[in-house]
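**Q** Going down the list, the sequences are from chains A, B, C and D.
Residue numbers are given in the numbering used here: position 219 of the first sequence equals residue 219, and the series is strictly consecutive.
Residue numbers are given in the numbering used here: position 88 of the second sequence equals residue 88, and the series is strictly consecutive.
Residue numbers are given in the numbering used here: position 9 of the third sequence equals residue 9, and the series is strictly consecutive.
Residue numbers are given in the numbering used here: position 104 of the fourth sequence equals residue 104, and the series is strictly consecutive.
The structure is given below, and queries will be raised subsequently.
Number of protein chains: 4
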Amino acid sequence: MKRFVDWYVSDRLVMAVIVLNATALVLHEMAARGTPLRTLWYWIDYACVVYFLVEAVLKIRRDGWSDYWSSSWNKFDFLVVIISLPALLGPFFHVEQFAFVLILRLGRLFRLFRLLRFIPNLDHLVLGVRRALRASIGVFLALFLINLILAVMATLLFRDLDPEHFGNPVVSGYSIFQVFTVEGWNEIAEGLEERAVEENPAGAKLLVSGTRVFFVVAVLIGGILGLSLANAVFVDEMMMDNTETLERKIDAMTEELRRLRSDLGS
Amino acid sequence: MKRFVDWYVSDRLVMAVIVLNATALVLHEMAARGTPLRTLWYWIDYACVVYFLVEAVLKIRRDGWSDYWSSSWNKFDFLVVIISLPALLGPFFHVEQFAFVLILRLGRLFRLFRLLRFIPNLDHLVLGVRRALRASIGVFLALFLINLILAVMATLLFRDLDPEHFGNPVVSGYSIFQVFTVEGWNEIAEGLEERAVEENPAGAKLLVSGTRVFFVVAVLIGGILGLSLANAVFVDEMMMDNTETLERKIDAMTEELRRLRSDLGS
Amino acid sequence: MKRFVDWYVSDRLVMAVIVLNATALVLHEMAARGTPLRTLWYWIDYACVVYFLVEAVLKIRRDGWSDYWSSSWNKFDFLVVIISLPALLGPFFHVEQFAFVLILRLGRLFRLFRLLRFIPNLDHLVLGVRRALRASIGVFLALFLINLILAVMATLLFRDLDPEHFGNPVVSGYSIFQVFTVEGWNEIAEGLEERAVEENPAGAKLLVSGTRVFFVVAVLIGGILGLSLANAVFVDEMMMDNTETLERKIDAMTEELRRLRSDLGS
Amino acid sequence: MKRFVDWYVSDRLVMAVIVLNATALVLHEMAARGTPLRTLWYWIDYACVVYFLVEAVLKIRRDGWSDYWSSSWNKFDFLVVIISLPALLGPFFHVEQFAFVLILRLGRLFRLFRLLRFIPNLDHLVLGVRRALRASIGVFLALFLINLILAVMATLLFRDLDPEHFGNPVVSGYSIFQVFTVEGWNEIAEGLEERAVEENPAGAKLLVSGTRVFFVVAVLIGGILGLSLANAVFVDEMMMDNTETLERKIDAMTEELRRLRSDLGS
């Protein structure tokens, strides 16, 4: 019995079922509605959910609850099982309630997230991303606030000309974000310019120039400067490791030297 | 009394009012004109302005003018209060003069800028940006001059074909800037090519080829080379810190070693 | 005879024929069908194939098979010759079979690949790319999985609104990849928003907001964070060399110092 | 007299005239044809050309030809003067010959290039760019060759579907370059897909999938991998300086240590 349990919850089998489940989830969406293939993939997904449920139960029984719960991977797996439970009722009730459907879909997505386990050195990567994000939090916060300020400015300036892009601060914030990604910034500017010329052909020249200055500044701050800075902070943080190794080595050597000197002095 | 002043000008309360004010400013713009909600947010903003005015007065009285003025944050806050003063007159006069409205709006934007205080280690970030900008000033100046030269070149070449994009050097400069951001560079080139074919179907082939070479070179110089260089200079400047730490440590060790040698020699 | 063979398989002549062959292949495609120029370039390509065949035979006879096969460049050249052999039959049979034409074209492309030999320090570059790719495999795998998860999510959310972009997980994956390259992400979002408004003008507001949040998150994760991370890992890996040199030097010095200390102690 | 010459060829005055000349050249193009303003700027440009001519003559007389010619800045200035000479004849002949007009325009552009002198530490920047380019020549050559290979491949695959973008290898090369800049890559792919569906609705599915794979690979190689690699090489080259300083310091210290050891040994 114990051997069966060990085999059942072995990493290898779990990994295989995760891949099978992901395949089933994707191919289930690929198949046209009402085809037998779709039904097949549905039942394979169903079997995987049952497998995951049994896996969690067996693991908890084997390791005890506190041991099981100490691993953050297990916590995540348990959450996936809980969210997937309603899916087990799927075949028996034909409810088409929105909330129920939503939960089913959420469960499917969470089961896909288990694929993240395949990333080698995920902990290392997550640590790196977290450290880089913490180091660049200032840059991102600054960009967010500058986005907010530019959005309010754009709302005050362009609200009447182009309500679709700058009708209120939230909509403006989305448009400014788009400008920050450098994608289609010129089209927004062109749209504004055209409407400015339409509305007031005489006084449009100043408005067009002002608009262009506004957008050039926004692109330079958000798209060029902001991105470069965030990038530089990332690289800086990644390289910190190497330099720290060097520093430690040099410190060790200085210590050695000092000891040598005190040896000689005595 | 002193306790009340300290509480009133405490960082915590000031921060809270800054957030409240920013929220009021954004939601004021979100609300439709003439709704009571808009009026509510208007008066909350008004109260914040009064709060900031009293805060500045209390701080100046407590610390004395020269102490107050020595902090650049205080200077900025004082400027915001001065610019916001006309807003206090808002409810009593219903002036719709352009200049007055402009000042009111400027005041609102400046009050938003106070949010920048929330960026952790802002001084550090500003210092980093300033250093990076100073290091890359050559790159940016070079890009600006190359933009200017390409703009005059494009004006001479394409003015008659596409006056909208290349009618005069300033308009061309804007178009070349767009090419430097790599956004929509191909659309500008395509527009030129189409008109070249329209105007002179026989001789268009050479012109189309020349146009393409011009744009490929502009994209390579501005979008690829320029950006990469600026990026590299940024990273270089950010990392300088680490290397300088290393250099200082190594220098210290070399000094130690030299002293050891002279100790032994004597 | 030996001198002739050495001249025939000398790097210089081989390089010249590679360039001639690439030129012939490109200009053959440039020339209009049925012109004598096209025929000329065809026969020059033909002559190059014959040259490459003879080169391989001579080299194998000179060096012996095992020596010849030990170089990976030779392996590649041999493969090119094998794939090019059917081209020698071209003038005698006028087969228009799809499979045969495909093989001929494949041969032409592979002959172009021989140009890669001109890259100075190709081994070094390939090594660098391979090391950088190995270091960033985690980032890319994570991006691939996040792409997959976002694609399934988008399929569940937007399938009915925009089947062209989100009809099934594979199509969605392509659209999400496009969003990750930041190219045209806003147009996909706009298309979704327009259809949402068309279908259900009353409830569209929430859907539009949700869509925007989805796309902003996708752009931030894939286009900004993912690219920056991959970039940082690349730079980190490239710089490893330098730091490793430093580390080795410092290690050597520490060793020296330790030896000095033991010398003095004894 | 000597004092006048020194004043005339002083850096300050030369700089001022360069700026004046650039301003004149830009504003001359800004002014509408036939206006007196345009004439004014024309004559100011004319005066600047005269000034540059006299400057070159005076400098050569003062320093002697070999001294003058030893500075590369002087060489460039001399070239500008030579190219600008025809402009001095402008007012006397009203030739509208194409070749003459071209030379006049070239002269104007070259006079603008003198602005590059204003970049602080230009030599340093040029050196950095040259070193970075030399280091990344392999990456760029590889990208160029991959572009060529993909272009020939695209010509063979898509020539009949979309002759405008892939009609011959040169046109394809331009389209692939566009894909490498990530700008509008999806639009080219979409165009191909639409035509594939139009021409052969039954068999289009495979072609559409193949097209998408082709473009995704091209974007990944050129836009993501290529750019990141070039970027990493740039940063690497910029940082080399710092590491070299460190290496030199460590080498010096090791030398010191070795000397100390030999002192003690003797």
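For glycine and all other residues, C-beta sits at the position ideal for the given N, C-alpha and C.
In this text, all values refer to a predicted model and were calculated from it rather than measured experimentally.
Pick helix, strand or coil for Asp160 of chain C, following the three-state DSSP scheme.
**A** Asp160 of chain C: coil per DSSP, three-state reduction.
**Q** Below 6 angstroms CB to CB, which residues in the same chain sit around Ile60 of chain B once its five sequence neighbours on both sides are set aside?
**A** Closer than 6 angstroms at the Cβ level, and outside the excluded window around Ile60 of chain B, lie Tyr68.
**Q** If you follow the alpha helix (DSSP H) that Pro91 of chain C is in, where does it begin and where does it stop?
**A** Note, Pro91 of chain C: premise wrong, no alpha helix (DSSP H); not H, not E.
**Q** Just checking: is the beta-carbon of Asp241 of chain C within a distance shorter than 8 angstroms of some beta-carbon in chain A?
**A** For Asp241 of chain C, the answer is no, since every Cβ of chain A falls outside 8 angstroms of its Cβ.
**Q** Would you verify that the beta carbon of Pro91 of chain A is, or is not, closer than 8 angstroms to some beta carbon of chain C?
**A** No, its Cβ sits nowhere closer than 8 angstroms to a Cβ of chain C.
**Q** In chain order, what residues of the same chain have a beta carbon less than 6 angstroms from the beta carbon of Ala22 of chain C, not counting five sequence neighbours either side?
**A** Answer for Ala22 of chain C: Leu112 and Leu115, listed in chain order.
**Q** From Val208 of chain C to Ala196 of chain C, what does the alpha carbon distance come to, in whole angstroms?
**A** Those two C-alpha atoms are separated by around 7 angstroms.
**Q** Verify the CB distance criterion: does Pro169 of chain C have a CB-CB separation below 8 angstroms to chain A?
**A** Closer than 8 angstroms to some Cβ of chain A, the Cβ of Pro169 of chain C qualifies, so yes.
**Q** Could you give the distance in angstroms between the alpha-carbon of Pro169 of chain B and the alpha-carbon of Leu133 of chain B?
**A** Roughly 26 angstroms between the two C-alpha positions.
**Q** Say whether the segment 155 to 174 of chain B touches the segment 122 to 133 of chain D, bearing in mind that this needs 3 or more beta-carbon pairs closer than 8 angstroms, one atom from each stretch.
**A** No contact exists between the segment 155 to 174 of chain B and the segment 122 to 133 of chain D.
**Q** Taking 8 angstroms as the CB-CB cut-off, is Tyr42 of chain D touching chain G?
**A** Absence of chain G from the displayed structure is noted, the protein chains being A, B, C and D.
**Q** Could you tell me whether the segment 156 to 170 of chain D touches the segment 184 to 196 of chain D, using the rule of 3 or more Cβ pairs below 8 angstroms?
**A** Yes, the segment 156 to 170 of chain D touches the segment 184 to 196 of chain D.
**Q** Three or more C-beta pairs under 8 angstroms: does that hold for the segment 235 to 253 of chain D against the segment 245 to 256 of chain B?
**A** A contact exists between the segment 235 to 253 of chain D and the segment 245 to 256 of chain B.
**Q** At the level of alpha carbons, what is the spacing between Leu109 of chain D and Ile149 of chain B?
**A** So the alpha carbons of these two residues sit roughly 7 angstroms apart.
**Q** Determine, using beta carbons only, whether Arg130 of chain A and Glu237 of chain A come nearer to each other than 8 angstroms.
**A** In this structure, Glu237 of chain A does not lie closer than 8 angstroms to Arg130 of chain A by Cβ.
**Q** Return the first residue and the last residue of the alpha helix (DSSP H) that Ala31 of chain C is part of.
**A** Where Ala31 of chain C is concerned, there is no enclosing alpha helix (DSSP H), given that its DSSP letter is neither H nor E.
**Q** How many angstroms separate the CA atom of Gly167 of chain B from the CA atom of Thr155 of chain B?
**A** About 6 angstroms.
**Q** Would you mind stating whether Leu257 of chain B and Leu257 of chain D have Cβ atoms separated by less than 8 angstroms?
**A** Yes. Within cutoff.
**Q** Roughly how far, in whole angstroms, is the beta-carbon of Val49 of chain A from the beta-carbon of Ala87 of chain A, given that I think they are within contact range, below 8 angstroms?
**A** Correct: roughly 5 angstroms between the Cβ atoms.
**Q** Out of A:Phe180, A:Ser66 and A:Pro120, point me to the one whose CA is closest to Phe144 of chain A's CA.
**A** Closest by alpha carbon: A:Phe180.
**Q** Could you give the DSSP three-state label for Ser70 of chain C: helix, strand or coil?
**A** Three-state result, Ser70 of chain C: helix.
**Q** Would the C-beta of Val54 of chain B count as close to the ligand FAD, meaning under 7 angstroms from any of its heavy atoms?
**A** Although the ligand FAD was asked about, the structure shown includes no ligands whatsoever.
**Q** Note down, in chain order, all residues in the segment 143 to 159 of chain B with a beta-carbon under 9 angstroms from any beta-carbon belonging to chain D.
**A** Residues passing the 9 angstroms Cβ filter: Leu145, Ile146, Leu148, Ile149, Ala151, Val152, Met153, Thr155, Leu156, Leu157 and Arg159.
**Q** Between Ala232 of chain D and chain C, is any beta-carbon pair separated by less than 8 angstroms?
**A** Yes, Ala232 of chain D lies at the interface with chain C (some Cβ there is under 8 angstroms from its Cβ).
**Q** Please report the straight-line C-alpha distance between Thr211 of chain B and Ala31 of chain B, rounded to a whole angstrom.
**A** Distance between the alpha carbons of Thr211 of chain B and Ala31 of chain B is about 49 angstroms.
**Q** Given a threshold of 16 other Cβ atoms within 10 Å of its Cβ, counted over all protein chains shown, does Trp185 of chain A qualify as buried or as exposed?
**A** When all chains shown are included, Trp185 of chain A counts as buried.
**Q** Comparing C-alpha positions only, which one of B:Val216, B:Ala202, B:Leu79 and B:Ile18 sits nearest to Gln178 of chain D?
**A** Per the Cα distances, B:Val216.
**Q** Helix or strand or just coil, what does DSSP make of Asn168 of chain C?
**A** If DSSP states are grouped into helix, strand and coil, Asn168 of chain C belongs with coil.
**Q** Give me the residue from C:Leu220, C:Phe214, C:Leu40 and C:Asn74 with the minimum Cα distance to Val14 of chain C.
**A** Among C:Leu220, C:Phe214, C:Leu40 and C:Asn74, the Cα nearest to that of Val14 of chain C is on C:Asn74.
**Q** Can you list, in chain order, the stretches of the alpha helix (DSSP H) that have 4 or more residues and sit fully within the segment 188 to 234 of chain A?
**A** If we require 4 residues or more, the alpha helix (DSSP H) runs fully inside the segment 188 to 234 of chain A come out as 204 to 218.
**Q** Of the residues D:Ile83, D:Arg117 and D:Phe214, which one's Cα is nearest the Cα of Leu102 of chain D?
**A** Leu102 of chain D has its Cα closest to that of D:Ile83, out of D:Ile83, D:Arg117 and D:Phe214.
**Q** Closer than 8 angstroms, Cβ to any Cβ of chain B: which residues of the segment 99 to 116 of chain D, in chain order?
**A** Within the segment 99 to 116 of chain D, the residues whose Cβ lies closer than 8 angstroms to some Cβ of chain B are Arg105, Arg108, Leu109, Leu112, Phe113, Leu115 and Leu116, listed in chain order.
**Q** Any beta carbon of chain D sitting closer than 8 angstroms to that of Thr254 of chain B?
**A** At least one chain D Cβ lies under 8 angstroms of Thr254 of chain B.
**Q** Going by beta carbon distance, what residues of the same chain come within less than 8 angstroms of Val233 of chain A, once the five residues before and after it are set aside?
**A** Once the five neighbours on either side are set aside, the close Cβ partners of Val233 of chain A are Ala132, Ala135, Ser136 and Val139.
**Q** Ile130 of chain A lies in the alpha helix (DSSP H); which residues open and close that run?
**A** One detail in the question is off: residue 130 of chain A reads as Arg in this sequence, not Ile. Its alpha helix (DSSP H) spans residues Leu122 to Ala135.
**Q** CA-CA distance, Asp268 of chain C and Val235 of chain B?
**A** The requested residue 268 of chain C does not occur in the structure, where chain C is confined to residues 1 to 266.
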